[in-house]
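If you read the sequences in order, they're chains S and F.
What the first sequence shows, in our numbering, is residues 1 to 354, in sequence order.
What the second sequence shows, in our numbering, is residues 1 to 374, in sequence order.
Every residue, glycine too, gets a C-beta built ideally from N, C-alpha and C.
Working notes for the structure below.
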Amino acid sequence: MAARECREEQDRKYNTYDQAVDIVSCWEAFLNHSYNQVFEDYYFDRFPSLDADGDEVTPDFAVTVNDEYGLIGEIKRTFPEEETPFRRTLEQLERYDEPDELQCSPSETLRPNTCDILLLISGTSAPKIGMRIQRLIDDGDLDLNRNLVVVRYQYNTRDQLSRYEFQRVIPVEDEFRDGALRDEHALSHHMGEEADYQTLPLYPKYFKREKVKKPICNDKPPEQYLATILWHKIFPQYLTSSDYEQWQSGSAQKTIEIKATPTEITDELNNYMHDGEARVNWVRDALHFLKDANLAEQLSDEFKIKFRGFVRNVGDSNDQEGTAELNQLETLGETFIQRYCEYTTSESEDVSNF
Amino acid sequence: MYGLGAGESLFAYEGLSMENVRRAVDVFVDEGSRSKVRFKSVVCEDDPIEALRHTSLKLDSTTIEIEDQEDHFSVDVTKVIERDDLEDGQRVVKSDFAFFQIGDSNIWTAVTGHRPDEFEHGPLWVLKKSEPVISNFFASSEDLRTVLRRFKDTFPSGTEIIAKKTVAYSRDDEGEISWKTRPFEEIFQMAEEEDNYIDKMRFVVRTDSDVRVDAFLSRNGKLKFINGDASRFFDDLLSIFADVGQQKADLFGNKERSEETGDVNEIDISFEKSHFTDPPDNQKLIKALDELSNSNITVYHNNPYAHVSVFDNVDGSSCDVFITGPKEVSIVPSYRGSFNSLMRVAEQISRELEEGEIIENSQEDYTMGDFFNA
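Have a look at this one:
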C-alpha cells in the first residue's frame, strides 16, 4: 500500500471510530439525564461484557433502567448490499437475545423483566435497510424474542446549532416495550408512534462531558486513535515535574523515555476513565502502532515509549532546536498517521524532519 | 536596592518595608523623566517563594537570592547570558526586585526601578521560569476598562483619565494599531467597534490640570508608574488590578477533573459574534489552538462540530475544547489542568477570535422531555 492510501485509510478509521464514540456518548448523556435522578438501579454500561449461554457478547452499550426495563445497544454504520451477508450481519443480533443479567452498578447485576435491542444505524440509507430488516422479521429469518428497535442517526448541520439526530426507523415495527415506565420516562412515549416518531436532537454541549470522561467505546479503537489518547492523557502521568522542567530549560523536542507494560498502561487508562474497561490487547496494539511509527520500542513485555512534546512554537524565546522544522499545522493524530504510513509502506518518503 | 536610585537612601535610614519602597518610588520618579518603576503582577496558586527557590536550583545560568523583609521579599537575580555574538561570549545581568502579596489574594507583584533589560532578565525571567506555580494572567479589554473606571472612581469628581498612547491589535491581519491622546472611554469604544483588543495603554489621571498619576497598564500584568502620587498607584490601582487577577484565579484555578469521582468541570466562552456557522469555520479555532506556544493538539472531530485535545508541555496539563454552538466554545480540563494552562488556552482563544464572556458552566439537569423540546 502506498503511503498516501495508508494515510487515507488510517484517517477514515479514525473518523469512523470517533463518530461511534459520539453516538455512545449521546445516548449515555441522554439517558443519564433522563434516569439518573429517577431510578435507583439505573446504570449505563459503556463497556458491557454479557453472558449469553456461556458465551461472552460485547454490545456497544447496555442500559438498566430499573427492574422493569433494560436495553442492549448496538451501532451499525454500514450494511452489506448482498442478501446473505446482510442477513448474517443481522443474525449476529440474535446473540443479544440471550443475556438477561445487566449491570446496575459497577459491581452488581439485575435482571430487568423486559429488555429490548436498540439498533442504531446511519441515516443515509436507513429507510431501505429498515424495509429489509422488517422483511427478515416477517419471513422468520431473524429469530428474536426481544424487540429490535431500529433508530437512525445522522448529523444535522442545516440549522444554526448542528447536532446528532435520532429517529425511529418506521419500516421496522418493533417498539420500545417500556410501558411499565411512566410516560414521561418512556422512550416509546417520546420516540414512538404515539409521539409521531419524534426526532431526538443531541447537541455536542450535552454529550461532551461523557466523551471526555470516556474517550473510547466498547469496540476496539483504531490504534492511531488510542495512541493519541495515550499520548495526551495517559503517558503524561508517568512524567515527573522535573521532566517538564527539562522541556522548559532544554529542547522542546527532547525525548523522555517511559517504560511500562501494556497491562500497566491499560490499568492507567481504565483509571482515567473511572471504571473503564479497555482491553489489554487494544493498548498492546496501539503500542505496536507507536513502535511502527518509531515512537516506541518493545523490550520483552515492556514497551519503551519515546515521549516528546511535538511542539512547534515554544513562545517567547523561540530558540530551541527542532521547533522550526514543524512549521505547518499538524495535529498529533496526523503526525502519528504520517509517521506510521511513512515507516510501514513501500513508498517511503523522507521523514528525517520529524 | 530595587534600582530606585536616590530613593534607596530611605532604606538605609528607615528600614526596608513596603511603605518605604513606596516612598522611595516617589523620590525615584521625581529624579527625571527616564525614571520609571516597573511592576509585574502574577497569580500564585501555591507558595511563590518556594517556587522561586526551586527555580534557583534548576536554572544553571541564573542565581536567585531571596530574603524575607517581613512585609515583602527581596529577590536578587544574577543571570549569565551566553551567546557567541557577545563580547567574551557572555554577559551578566544583575537586578533585584521587591516581591509582595496583594492583600490576602493569590496575586503577587514584583516591583523594580531597573531598566527594561534588567526587568526582562530579572523578575520577568525568574517568574516565567517558575511556571506553573507562578503564572501569568491576562486582563481582557473589558477588564482593563473596568480597572480604569474603578480607579477613576477613587478620585474626586471632575477627575478624568486620558489615554496618552494605546496599542491595540486587530484579528484580521494581526496588525498593531496605535492611538494617540483621547479619553480612555473613547479608546475602548473605538476598539470595541472595530473588533480590536487593547494590549497596553499609557494614561494620565488629571484633576483639573493636576496630573495625579501617570502610568501604564497592559493585559499581561505589566504595569509602570511614571509619575504622580505613588500611594495612589500602590494602594488603589494595584489592588484594583489584582481583583482582575483574582477573578481569573477563581475562574481557572482548581478546575481539574476530580480524581475521586471522575467528574469534570467546564469553562464556557460565549462570543458576541457567530464565529462558527459552517464546518470550515472550525479551522479558526483549530488554528488558534495549534498556534498556542509550548503545546500540541489533536483533533478528534472537525466536521461538523469541533473537538480538539490540547496538551500543555509546560506542566503536562491537558484539556478538551469543543465548539458547542456558533457563538460558544467549551473547555473541559483533565485531571491535570493547571490555572496556568487554562489561562493560556483561554487567552489564545480571546486574542485570535474574540474576547468573549468566560464563565464556569455548572451542569444543568434535564428531563427526557427537555431533550425533545431543545
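- An exposed status is given to residue 260(F), since fewer than 16 other beta-carbon atoms sit within 10 Å of its beta-carbon.
- Taking all protein chains shown into account, residue 281(S) has fewer than 16 neighbouring C-beta atoms within 10 Å of its C-beta and is therefore exposed.
- Between the alpha carbons of residue 110(S) and residue 53(S) lies a distance of about 16 Å.
- Here residue 268(S) is buried, its C-beta having at least 16 other C-beta atoms within 10 Å.
- Short of 7 Å from the beta carbon of residue 59(F), and not among the five residues preceding or following it, lie these beta carbons of its own chain, in chain order: 129.
- Excluding the 5 residues flanking it on each side, residue 296(S) has same chain C-beta neighbours closer than 7 Å at 287, 290, 303, 304, 305, 306, in chain order.
- Chain F places a beta carbon closer than 9 Å to that of residue 273(S), counting this residue as a contact.
- Scanning chain F for C-beta atoms nearer than 7 Å to the C-beta of residue 194(S) yields nothing, as the closest lies near 13 Å away.
- Residue 245(S) sits in a helix when the DSSP states are folded into three classes.
- The C-beta of residue 106(S) comes no closer than 9 Å to any C-beta of chain F.
- Annotation for residue 246(S): 254 place their beta carbon closer than 7 Å to its own, counting only its chain and skipping 5 residues before and after.
- Its chain contains 24, 28, 61, 214, 217, 218 as the residues whose beta carbon lies nearer than 7 Å to that of residue 46(S), once the 5 sequence neighbours on both sides are disregarded; these appear in chain order.
- Relative to the Cα of residue 325(F), the nearest Cα in the group 276(F), 314(F), 370(F), 372(F) belongs to 276(F).
- In the structure shown, residue 301(F) adopts extended strand secondary structure according to DSSP, grouped into three states.
- When 313(F), 230(F), 246(F), 321(F) are compared, the shortest CA-CA separation from residue 282(F) is found for 321(F).
- Under the Cβ criterion (8 Å, minimum of three pairs), the stretch 249 to 264 of chain F does not count as touching the stretch 222 to 237 of chain F.
- One Cα belongs to residue 370(F), the other to residue 26(S), and the distance between them is close to 14 Å.
- Judged by their CB atoms, residue 169(S) and residue 137(S) are not nearer to each other than the 9 Å cut-off.
- When beta bridges are read from the DSSP output, residue 307(F) appears opposite 301(F), 322(F).
- Interface residue (Cβ-Cβ distance to chain S less than 9 Å): residue 53(F) is not classified as such.
- The beta-carbon separation of residue 34(S) and residue 368(F), rounded to 4 Å, stays under the 8 Å limit for a contact.
- Here residue 37(S) carries a coil assignment [DSSP, helix/strand/coil].
- Considering only 180(F), 5(F), 42(F), 223(F), the residue with the shortest C-alpha distance to residue 32(F) is 5(F).
- Your pair residue 155(F) and residue 212(F) checks out as a contact, with CB atoms roughly 6 Å apart and the cut at 8 Å.
- For residue 247(F), no CB of chain S lies under 9 Å from its own CB, so it is not counted at the interface with that chain.
- Counting the other CB atoms within 10 Å of its CB gives residue 92(F) a total below 16, which places it among the exposed residues.
- Runs of the alpha helix (DSSP H) spanning 4 or more residues and lying entirely within the stretch 34 to 108 of chain S occur at 83 to 91, in chain order.
- Put simply, of 278(S), 275(S), 226(S) the residue whose alpha carbon is nearest the alpha carbon of residue 13(S) is 226(S).
- Take residue 17(S), set aside five residues on each side of it, and the residues of its chain with a beta-carbon closer than 6 Å to its own are 221, 222, 225, in chain order.
- By the beta-carbon neighbour count (other beta carbons within 10 angstroms, threshold 16), residue 265(F) is buried.
- Where residue 271(S) is concerned, there is no enclosing beta strand (DSSP E), although the alpha helix (DSSP H) around it starts and stops at 262 to 273.
- Comparing alpha carbon positions, the residue from 104(S), 90(S), 157(S) closest to residue 117(S) is 90(S).
- Along the stretch 260 to 289 of chain F, the beta strand (DSSP E) occurs as fully enclosed runs of 3 or more residues at 266 to 270, listed in sequence order.
- Interface residue (Cβ-Cβ distance to chain F less than 9 Å): residue 232(S) is classified as such.
- Against chain F, the beta carbon of residue 204(S) has neighbours under 9 Å at 301, 305, 306, 307, 322, 323, 324, 325, 330, listed in chain order.
- Listed in chain order, the non-local C-beta contacts of residue 301(F) below 7 Å within the same chain comprise 307, local neighbours out to five positions each way being set aside.
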